Amino acid sequence: MRDKLILVIGVTLAIFLILSHYSEVTDYENIEVHPRNLVKSNEKPQRSSKVINTSSESKPAQSQIAASQRSSPGCDCKSEKSGKHINLCYTDPQNLTSIGKQFDCGHLPILEKLNLVDNPGPFVDFKSTDEISKNIVFVSATSDNHYEQATNSISSVYKMYPNAKFILYSLSLKETCISQLKEKFEKIEVRVFDTSGYPDYTNNWMEYRFKPLIVAEVMKEYEYIWWMDAHISVKTAGLIEAFSKELSENSKKTDTRVQIPIYFFIHSSHSNFATLFKSLLTFFPTNSISLLKDPNRGAQLGANTIFFARTKYTVETVKWWVLCALDQKCMNPPGAQVYCRFPDNDRNTQFANCYRFDQSVLNLLMLNEFQDYKKYHSKLGSYF
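Residues 1 to 384, numbered by the UniProt record's numbering, are exactly what the sequence shown covers, in order.
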């Protein structure tokens, strides 16, 4: 009798553990429906920590730019600088009633300093891609532990383009390393990444908050930015020329609401869903979980090398990317880490219990807008 009782308890416990795991994995599908536009005007809107998703009452899609200009209850922050009310809730461009939780109004002065609010331009219009080779700047960042890789990366650029503009941000590099870089590369500009105006946790380099912040800083000065992680090297000559040609061809046949100004080059070999912590969707809701799992449309691309052209769309996208970097939990959800465990070697439809930080965020923003990763995936990945 005792043995049977132990057996029953054991089986019950096993079933409980299995159901608990299943509930965690499938919780993406059980998203709370809470359309903001149904909140009565005399009611105080609830700051829900759940994803706000109303696909059953969706409105026509529009770009992030137009969506961000819509006023939503509980989303506006008043600027002390301009007196304007700025919307700090992301709206899914495919569903205007699907709105994320509000970012901290305390971050608004940083957005203004980075020209991510009411940016007057000038903006790139893509009428001529000949300007890219003349005005592009390569940007990277490194700490001491990646110094050798960064040196090789910089060398690869100058080998192909001896007169290239290259800005390297120091992530607490030793002064001796900075001196060596300046001696080795006469034209390089080394900047110390100053985090004094940002939250303290931006000093944790392993959370990769520095990347969107650096891109935003450089975008104030340059129209074309080519970001390269410290370990990325250019292996084939003619990269800029080939990409300018590809961009020109894409601009003539585009079927998107806005000209695509951000391009990735390297495939990550897994979907967006595989490395998605569901808490990210409370900030950036999506119209389709199945799209995030789809290897044909929802694949995640590497953020190790990215091209940015300064357009209104780029400024808007980088704004949300930066806001996530400034939020303690958005860029670094509790339990986030980079080492993936793909169940049954499934790299698309199951959560791998890992996160790609800046990469996960930017990919989600781009996929929400363009609905197919191939639209912003350059064919020139073999150049790296």
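Ideal placement from N, C-alpha and C gives every residue a C-beta, glycine not left out.
Model, not experiment: these values are computed from the prediction.
My understanding is that L168 touches L181, with C-beta atoms under 8 Å, so please give their C-beta distance in whole angstroms.
As a position in the sequence shown, residue 168 is number 168, starting the count at 1. As a position in the sequence shown, residue 181 is number 181, starting the count at 1. Confirmed, Cβ separation roughly 7 Å.
Report buried or exposed for F370, applying the criterion of at least 16 other Cβ atoms within 10 angstroms of its Cβ.
Numbered from its first residue, the sequence shown carries residue 370 at position 370. It counts as buried.
DSSP state of residue 408, grouped into three classes?
With the chain covering only 1 through 384, there is no way to say anything about residue 408.
For the alpha helix (DSSP H) containing C77, list its first residue and its last residue.
If you number the sequence shown from 1, residue 77 lands on position 77. Premise fails: C77 lies in the beta strand (DSSP E), 76-78, not in any alpha helix (DSSP H).
Sort V124, A242, S360 by Cα distance to L280 and report the nearest one.
By 1-based counting over the sequence shown, the position of residue 280 is 280. Of the candidates V124, A242, S360, the one whose C-alpha sits nearest the C-alpha of L280 is S360.
Closer than 6 Å by C-beta to P343: which residues in its own chain qualify, once you throw out the five before and the five after it? Chain order, please.
The residue you call residue 343 lines up with position 343 of the sequence shown. Scanning its chain for C-beta atoms nearer than 6 Å, with the 5 sequence neighbours on each side dropped, one finds around P343 the residues Q350, in chain order.
Name the residue from V318, N203, C340, Y355 whose alpha carbon lies nearest to the alpha carbon of Y90.
Within the sequence shown, numbered from 1, the residue matching residue 90 stands at position 90. Each of V318, N203, C340, Y355 was checked against the Cα of Y90, and the nearest Cα belongs to V318.
With DSSP run on the structure shown, which of helix, strand or coil describes M331?
Taking the sequence shown and counting its residues from 1, the one referred to as residue 331 is at position 331. M331: coil per DSSP, three-state reduction.
Give the secondary structure of N119 by DSSP, where H, G and I count as helix, E and B as strand, and everything else as coil.
Here residue 119 refers to the residue found at position 119 when the sequence shown is read from its first residue. Coil at N119, not helix or strand.
My output table needs one value for V315: the three-state DSSP class, helix, strand or coil.
Translated into positions along the sequence shown, residue 315 becomes position 315. If DSSP states are grouped into helix, strand and coil, V315 belongs with the helices.
So I262 and Y376 are in contact, right, with Cβ under 8 Å, and what is the actual spacing, rounded?
Here the question's residue 262 lines up with position 262 in the sequence shown. Here the question's residue 376 lines up with position 376 in the sequence shown. Yes, I262 and Y376 are in contact; Cβ-Cβ is about 6 Å, under 8 Å.
Quick one: measure Cβ to Cβ for F193 and K165, integer angstroms, because I've assumed they're closer than 8 Å.
Working through the sequence shown from its first residue, we reach residue 193 at position 193. Working through the sequence shown from its first residue, we reach residue 165 at position 165. In this structure F193 is not in contact with K165, their Cβ atoms being roughly 18 Å apart against a cut-off of 8 Å.
Given that a residue counts as buried once 16 or more other Cβ atoms are within 10 Å of its Cβ, and exposed if not, what is S378?
On the sequence shown, residue 378 is found 378 positions in, with the first residue counted as 1. Buried: at least 16 other Cβ atoms inside 10 Å.
When the Cα of V315 is compared with those of I225, K81, L173, Y208, which residue comes out closest?
Taking the sequence shown and counting its residues from 1, one reaches residue 315 at position 315. Of the candidates I225, K81, L173, Y208, the one whose C-alpha sits nearest the C-alpha of V315 is I225.
Going by DSSP in three states, K187 sits in which element: helix, strand or coil?
For the purposes of this step, residue 187 is taken as residue 187 along the sequence shown, with counting starting at 1. K187 falls in the coil class under three-state DSSP.
Contacts around K59, its chain only, beta-carbon distance under 8 Å, and the 5 residues preceding and following it disregarded:
Indexing the sequence shown from 1 puts residue 59 at position 59. Because the pLDDT at K59 is just 45, under 50, the model does not fix this residue reliably, and the value given afterwards should be weighed accordingly. Only N95, L96, T97 meet the Cβ criterion.
Do you know how far the Cα of R209 is from the Cα of C354?
The count along the sequence shown starts at 1 and reaches residue 354 at position 354. The count along the sequence shown starts at 1 and reaches residue 209 at position 209. Straight-line Cα distance between these residues: approximately 17 Å.
With a CB to CB cut of under 8 Å and the five nearest residues on each side skipped, what residues in its chain are close to E217?
Sequence index remark: in the sequence shown, residue 217 carries index 217 (1-based). In chain order, L114 place their CB closer than 8 Å to the CB of E217, counting only its own chain and leaving out the 5 sequence neighbours on each side.
Strictly by DSSP, which residues pair up with W227?
Locating residue 227 in the sequence shown gives position 227, where the first residue counts as 1. Partner(s): V139, I306.
Assign N87 to one of three DSSP states: helix, strand, or coil.
Position 87 of the sequence shown, counting from 1, holds the residue named residue 87. Assigned with DSSP and collapsed to three states, N87 falls in strand.
Distance CB(L323)-CB(L88) smaller than 8 Å
Start at 1 with the first residue of the sequence shown, and residue 323 comes out as number 323. Start at 1 with the first residue of the sequence shown, and residue 88 comes out as number 88. If you check the CB distance, L323 and L88 come in under 8 Å.
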